[in-house]
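Have a look at the structure below, then the notes.
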Amino acid sequence: MKPDALERLLMDSALGRLDADVEVLLTDYLAGNPGAATQSQELQEVVHSATKAVRKPVPAAALPSPIQRFVWRHRAEQVLALAASFVVGVGITILVFTTNLHREAAVASRTVTIPGTETRQTLVASKTQSLPFWSNQRLYLLASSQSGANAKEILK
Amino acid sequence: MQSESDMIERLYGQHASELYNYLARRCPDAATACDLLQETFLQVVRQSDQLAKVAMPRAWLFAIARNMLARHYRRQRDPQAAAQLWYEPESDAKDDRLAVMREAIQKLPPELRDTLELRLEQELSYEEIAHVLGIPVGTVRSRLHNAVRQLRDAMRSQEETNP
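If you read the protein sequences in the order shown, they are chains A and B. Each residue of the first sequence is one higher than the last, beginning at 1075 in my numbering. Each residue of the second sequence is one higher than the last, beginning at 32 in my numbering.
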């Protein structure tokens, strides 16, 4: 048998992962090969010693209570997540609503600042002075500054 | 047909103890190990819809526990600690050979040490280890062989210096 193939078999054997039928064949082989048997013995000792090293005793502890607790905790998490989503949703709605109210109030206040009729007429008068007397633009400005019947008369 | 709750209950009964041992050997205290065990099974409950599809439940549980451990140490800003056993050198101070072996295991590259511990400590099969670590079975075998070879060499050199 090739040394590297033998070593692989011995490793798997030491690690306890060799198929039962292969293990029987290997045992037969080792019985007729003292060198390989020594190698096998050495690997077995290494693995045994390593197993002992990694399996240190653990501190005793009462394990968590039955599984129903986990199920309830999971359900509680789901309910909390739902409640949180609801709160966030309501919060966003309130925020949007409040913002819209503020916007409407701002628009309303801007409407109030529109110049009154007198001011508008003053503005029209100052603009019409710079326009030719019979120009359409002057007549339109004058008409738009008047209301109702006066406007119609000017446009006629 | 078993309900999901019954399946989880059965998994808990069969594997909680060994999962606790796995976690306790990697945590500074029993309380942390218990917390992580709870987190592991809480995760199982969260993923209970996958339970029927899980081919290797034991490996699946160890994979979750390992992730929980890694997450715990990531939060503690010490990700390297997740892969290490909490060795207690004073407990076996009389056994020189065991002390040398522990030192040799500590010196192994993390991926070899992790694979070796899953095999020797938890007795997971090569297939289960492959599932836990997310690597091919061939890689598990070669990692284990490399680890054992390095430990053998460490023991040989120790025996040569201290016959």
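Note that CB positions come from ideal geometry on N, CA and C, so glycine has one too. Keep in mind it's a predicted model, so treat the numbers as computed, not measured.
Suppose you measure from the CA of residue i to the CA of residue j; what does that come to, to the nearest Å?
i: residue 180/B; j: residue 1078/A; result: 12 angstroms
i: residue 62/B; j: residue 1135/A; result: 8 angstroms
i: residue 35/B; j: residue 82/B; result: 7 angstroms
i: residue 1216/A; j: residue 1171/A; result: 43 angstroms
i: residue 1149/A; j: residue 148/B; result: 35 angstroms
i: residue 172/B; j: residue 157/B; result: 7 angstroms
i: residue 132/B; j: residue 1114/A; result: 18 angstroms
i: residue 89/B; j: residue 1155/A; result: 30 angstroms
i: residue 42/B; j: residue 95/B; result: 13 angstroms
i: residue 1104/A; j: residue 1126/A; result: 26 angstroms
i: residue 1084/A; j: residue 182/B; result: 15 angstroms
i: residue 1173/A; j: residue 1160/A; result: 20 angstroms
i: residue 97/B; j: residue 138/B; result: 21 angstroms
i: residue 128/B; j: residue 1123/A; result: 8 angstroms
i: residue 59/B; j: residue 1119/A; result: 30 angstroms
i: residue 120/B; j: residue 140/B; result: In this prediction, residue 120/B has a pLDDT of 47, which is less than 50 and means its spatial position is unreliable; nothing more can be read from the coordinates.
i: residue 1177/A; j: residue 1163/A; result: 21 angstroms
i: residue 55/B; j: residue 1107/A; result: 43 angstroms
i: residue 1147/A; j: residue 1137/A; result: 16 angstroms
i: residue 130/B; j: residue 104/B; result: 26 angstroms
Counting only C-beta atoms, is residue i closer than 8 angstroms to chain A at any point?
i: residue 136/B; result: yes
i: residue 148/B; result: yes
i: residue 103/B; result: no
i: residue 174/B; result: no
i: residue 97/B; result: no
i: residue 132/B; result: yes
i: residue 89/B; result: no
i: residue 92/B; result: no
i: residue 49/B; result: no
i: residue 188/B; result: no
i: residue 121/B; result: Confidence in residue 121/B is poor, its pLDDT being 48 and thus under 50, which makes the residue's placement unreliable; the coordinate value appears in the next sentence. For residue 121/B, the answer is no, since every Cβ of chain A falls outside 8 angstroms of its Cβ.
Can a CB atom of chain B be found closer than 8 angstroms to the CB of residue i?
i: residue 1153/A; result: no
i: residue 1094/A; result: no
i: residue 1116/A; result: yes
i: residue 1077/A; result: no
i: residue 1159/A; result: no
i: residue 1123/A; result: yes
i: residue 1176/A; result: no
i: residue 1135/A; result: yes
i: residue 1089/A; result: yes
Where do the N-terminal and C-terminal ends of the alpha helix (DSSP H) with residue i fall, by residue?
i: residue 166/B; result: Careful: residue 166/B lies outside any alpha helix (DSSP H) and carries neither H nor E.
i: residue 98/B; result: 88-106
i: residue 1075/A; result: Taken as a continuous stretch (DSSP letters only), residue 1075/A belongs to no alpha helix (DSSP H), as it is neither H nor E.
i: residue 1218/A; result: 1210-1219
i: residue 142/B; result: 141-151
i: residue 1107/A; result: Segment: none, residue 1107/A is in no alpha helix (DSSP H) and carries neither H nor E.
i: residue 52/B; result: 35-55
i: residue 2/B; result: This structure does not reach residue 2/B, given that chain B is present from 32 up to 194, and the question cannot be answered.
i: residue 1207/A; result: Looking at the DSSP string, residue 1207/A is not in any alpha helix (DSSP H), and its letter there is neither H nor E.
i: residue 60/B; result: Here residue 60/B belongs to no alpha helix (DSSP H), and DSSP marks it neither H nor E.
Am I right that residue i and residue j are in contact with their C-beta atoms under 8 angstroms? What's the rounded C-beta distance?
i: residue 1132/A; j: residue 52/B; result: 5 angstroms
i: residue 184/B; j: residue 164/B; result: Going by Cβ atoms, the distance from residue 184/B to residue 164/B rounds to 24 angstroms, so no, they are not a contact pair.
i: residue 198/B; j: residue 143/B; result: Here chain B has residues from 32 to 194 only, and residue 198/B is not among them.
i: residue 68/B; j: residue 92/B; result: No, residue 68/B and residue 92/B are not in contact; Cβ-Cβ is about 10 angstroms, not under 8 angstroms.
i: residue 79/B; j: residue 39/B; result: 6 angstroms
i: residue 1195/A; j: residue 1219/A; result: 5 angstroms
i: residue 176/B; j: residue 1082/A; result: 7 angstroms
i: residue 1086/A; j: residue 1080/A; result: No, residue 1086/A and residue 1080/A are not in contact; Cβ-Cβ is about 11 angstroms, not under 8 angstroms.
i: residue 87/B; j: residue 159/B; result: 6 angstroms
i: residue 1121/A; j: residue 1099/A; result: 20 angstroms between Cβ atoms; not a contact.
Any heavy atom of the ligand ADP closer than 7 angstroms to the Cβ of residue i?
i: residue 50/B; result: For the ligand ADP, the structure offers nothing, since it holds no ligand at all.
When you compare the CB of residue i with every CB in chain D, is at least one pair closer than 8 angstroms?
i: residue 143/B; result: Here chain D cannot be found, since the structure's protein chains are A and B.
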